[in-house]
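Each residue of the sequence shown is one higher than the one before, starting from 41 at the first, in our numbering. All residues carry an ideal CB built from backbone N, CA and C; glycine is no exception.
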Amino acid sequence: MVSIIESGPWRDLAARAEELKTVRTASLFADEGRASAFSIEAAGVFLDYSKNKIDPETMELLLGLADKADICGAIKRMISGDKINVTENRSVLHIALRDYAARTYHVDGEDVSQAVRLERERMAAFAKRFEADSLLGYGGAPIDTIVNIGIGGSDLGPLMAVEALRPYWLPGKRSRFVSNVDGQHLSDILAECDPARTLFIIASKTFTTQETMTNAASARAWFLENGGDEETVAQHFIALSTNEIAVADFGIAPENMFVFWDWVGGRYSMWSAIGMAIALQVGADNFERLLRGAHAMDEHFREAPIRENLPVILALVGIWNRNFIGAAAHAILPYDQHLHRLPAYLQQADMESNGKSVLLDGSRTQTGTGPILFGEPGTNGQHAFYQLMHQGTDTISADFIAPALSATPLADHHEKLLANFLAQTEALMIGRDFKAVCKELEALEYPADQIEQIAPHRVFDGDRPTNSILIERLTPETLGALIAMYEHKIFCQGVIWGINSFDQWGVELGKTLAKRILPKIANIGGEVLPISDHDGSTARLINRVNTIRSQAETD
Ligand code: F6P
Numbered sequence: 041m042v043s044i045i046e047s048g049p050w051r052d053l054a055a056r057a058e059e060l061k062t063v064r065t066a067s068l069f070a071d072e073g074r075a076s077a078f079s080i081e082a083a084g085v086f087l088d089y090s091k092n093k094i095d096p097e098t099m100e101l102l103l104g105l106a107d108k109a110d111i112c113g114a115i116k117r118m119i120s121g122d123k124i125n126v127t128e129n130r131s132v133l134h135i136a137l138r139d140y141a142a143r144t145y146h147v148d149g150e151d152v153s154q155a156v157r158l159e160r161e162r163m164a165a166f167a168k169r170f171e172a173d174s175l176l177g178y179g180g181a182p183i184d185t186i187v188n189i190g191i192g193g194s195d196l197g198p199l200m201a202v203e204a205l206r207p208y209w210l211p212g213k214r215s216r217f218v219s220n221v222d223g224q225h226l227s228d229i230l231a232e233c234d235p236a237r238t239l240f241i242i243a244s245k246t247f248t249t250q251e252t253m254t255n256a257a258s259a260r261a262w263f264l265e266n267g268g269d270e271e272t273v274a275q276h277f278i279a280l281s282t283n284e285i286a287v288a289d290f291g292i293a294p295e296n297m298f299v300f301w302d303w304v305g306g307r308y309s310m311w312s313a314i315g316m317a318i319a320l321q322v323g324a325d326n327f328e329r330l331l332r333g334a335h336a337m338d339e340h341f342r343e344a345p346i347r348e349n350l351p352v353i354l355a356l357v358g359i360w361n362r363n364f365i366g367a368a369a370h371a372i373l374p375y376d377q378h379l380h381r382l383p384a385y386l387q388q389a390d391m392e393s394n395g396k397s398v399l400l401d402g403s404r405t406q407t408g409t410g411p412i413l414f415g416e417p418g419t420n421g422q423h424a425f426y427q428l429m430h431q432g433t434d435t436i437s438a439d440f441i442a443p444a445l446s447a448t449p450l451a452d453h454h455e456k457l458l459a460n461f462l463a464q465t466e467a468l469m470i471g472r473d474f475k476a477v478c479k480e481l482e483a484l485e486y487p488a489d490q491i492e493q494i495a496p497h498r499v500f501d502g503d504r505p506t507n508s509i510l511i512e513r514l515t516p517e518t519l520g521a522l523i524a525m526y527e528h529k530i531f532c533q534g535v536i537w538g539i540n541s542f543d544q545w546g547v548e549l550g551k552t553l554a555k556r557i558l559p560k561i562a563n564i565g566g567e568v569l570p571i572s573d574h575d576g577s578t579a580r581l582i583n584r585v586n587t588i589r590s591q592a593e594t595d
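Here it is as structure tokens:
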């Protein structure tokens, strides 16, 4: 496989980046049409990417790169059910889960659309029973609390969306999420639950994940010890999975299982049965609105030419910043408190997808792939890590995301939030040079020697690349469109880098080693066995842990 970095567009982009080194991004706004030329809108999402160090020539080169990587062909291959996840021999069809255009999707020649529709209907019917208070617990009272037990894609998507859609929560219903194998996570949540009114959702694509199965078993034991019995487990436990055998082994009957399929990646699964917690907390109709929002972005993604294609443009700007401007980290900065789990969600979506060093043909990549993602809601991040973004030694690119209207307005809070959203991208781009700082200090009548001492510390280099992503307000539709936009961006970047964005072998080794170490952890007050076959550091740490545990008192 010829690496994309050997291609003409890649080389030309590298040369263009050199030429633009001495050009200030702010100066490019001498072209009055720049902001509108470098903006694009689709499915209720408006993207302004004009604050990146990009000019029309760069954009043409990036579009040439997309052509060279055959983005259009890759999109077609994905939606036609080709097994583009080659290392797991799987199709990648999460868009089929939210198709409302009556399209058909095929896996191994078999139409999967009908199965998708049926499962969507089963979920909606279940959610409507919950909403109508007709899901009853063992004592006859309606279930009002759901506890989603899952991790990674079986936790982050539902949790992020439930938080994002807080204004749509059904009154009197609440949801909790348990992911960590740290027993404190489950215990803390159980302490808030009434077993007679709680529904446990065991969410796991594989139904083998250690954390989830451990939490599920403990939740079941707690239920049995606190009023429930084997007969009433069925009223209080449902499973969301692809693994019917493991679900049955756990003791959950087929009618309490909602299925999805191996062509839905874990981190792309919130649109499937894995979204059950969302459907229960905001209602089936709002869950459908979320899916419809994603579908609108899908329609745009599959139909729009690449130069008018929002996810493609976002991907290309990201490639430019990552590979030609040198931004190895990318911040996700939602100016909406309800999107506070979006950075964590996108961390998995992006870093588990594109955190790869090997190309599809098995050779090593010669260029940077997925950036390090991090983020916090604005304005909180401003008082934490923005310092480094403004004045640190590394260039960090960022997506600033905001709704123009608040879902729950309060006094002038939203105006202040928006002012900060707008000011930060401007500050990151224009910076403040030494001369301007000196002038400012002179105006404040600082003595000359102090100005000399202080001024360098107040200089902002500027030229820090940002995207501004604006929506009218955060609704199920705009949330769906936003997430679909990011999914497609990640896919396009993976295509250009020539990697498989849909496997996750990098999480396996740690899991295997944890299984090897587990039997070596001493019981409280128990015996310490000698540790061998580990590196010196790990062996010593195990010994230290075991010494502490063996000397501790049992309760
Ligand atoms: O972290 C690895 C991973 O396989 C993720 O891709 C996945 O979302 C998560 O574990 C949970 O897996 P499961 O849904 O099978 O429990």
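For the putative contact between residue i and residue j, defined by C-beta atoms under 8 Å, what is the C-beta separation to the nearest angstrom?
i	j	result
I119	I135	6 Å
A141	I241	Actually they are not in contact, since the Cβ atoms of A141 and I241 sit about 29 Å apart, beyond 8 Å.
A579	I571	5 Å
T5	F300	There is simply no residue 5 to check, as the chain begins at 41 and stops at 595 in what is shown.
T246	I189	Contact flag wrong, Cβ pair sits at about 14 Å.
A201	H378	A201 to H378, Cβ: 10 Å. No contact.
H340	L350	6 Å
A279	M297	5 Å
G306	G192	6 Å
Can you name the residues that DSSP bridges to residue i?
i	result
S79	D88
S43	For S43, which the question treats as bridged, DSSP gives no partner whatsoever.
P374	I441
S508	D88 and F440
I278	I241
M297	A279
R413	For the record, residue 413 in the displayed sequence is Leu; it is not Arg. Note: L413 sits in a beta bridge opposite H370.
So, using beta-carbon positions, are residue i and residue j closer together than 8 Å?
i	j	result
D122	S131	yes
L354	K108	no
G291	A236	no
I332	G546	One point to set straight first is that residue 332 is Arg, not Ile, in the sequence displayed. It is not a contact, given that the beta carbons lie outside the stated cut-off.
M469	D503	yes
N125	F531	no
L400	G538	yes
P207	M310	no
L385	E527	Note that residue 385 is Tyr in the sequence shown here, rather than Leu. For Y385 and E527, no; Cβs fall outside 8 Å.
S446	D88	no
L510	F78	no
V322	L210	yes
A167	F364	no
A368	P411	yes
I557	A592	no
R361	P449	The sequence shown places Asn at residue 361, not Arg. Contact flag unset, no.
Less than 7 Å between the CB of residue i and some heavy atom of the ligand F6P, yes or no?
i	result
G177	no
T249	yes
Q544	yes
S541	no
L221	It should be noted that the sequence gives Val, not Leu, for residue 221. Checking every heavy atom of the ligand F6P against the Cβ of V221, none is found closer than 7 Å.
V547	yes
E527	no
G192	yes
G395	no
G306	yes
S244	yes
E392	yes
T252	yes
Check your understanding: Of all the alpha helix (DSSP H) runs that stay within the bounds of the stretch 122-187, which reach a length of 4 or more residues?
Key -> 153-171
Practice item. Report the residue ranges of all beta strand (DSSP E) runs contained in full by the stretch 415-461; include only those spanning at least 3 residues, in chain order. Key: 436-443
Practice item. May I have a chain-ordered list of the alpha helix (DSSP H) segments no shorter than 4 residues that lie completely inside the stretch 177-253? Key: 196-204 and 223-230
Point to revise | Contiguous beta strand (DSSP E) assignments of at least 3 residues, all confined to the stretch 331-410 | key: 369-374
Check your understanding: What runs of the alpha helix (DSSP H), each 4 residues or longer, lie entirely inside the stretch 566-590?
Key -> none
Review point. What runs of the beta strand (DSSP E), each 3 residues or longer, lie entirely inside the stretch 472-531?
Key: 506-511
Exercise for review: Can you check the stretch 531-566 for any beta strand (DSSP E) of at least 3 residues that lies completely inside it and give the ranges in chain order?
Suggested key: none
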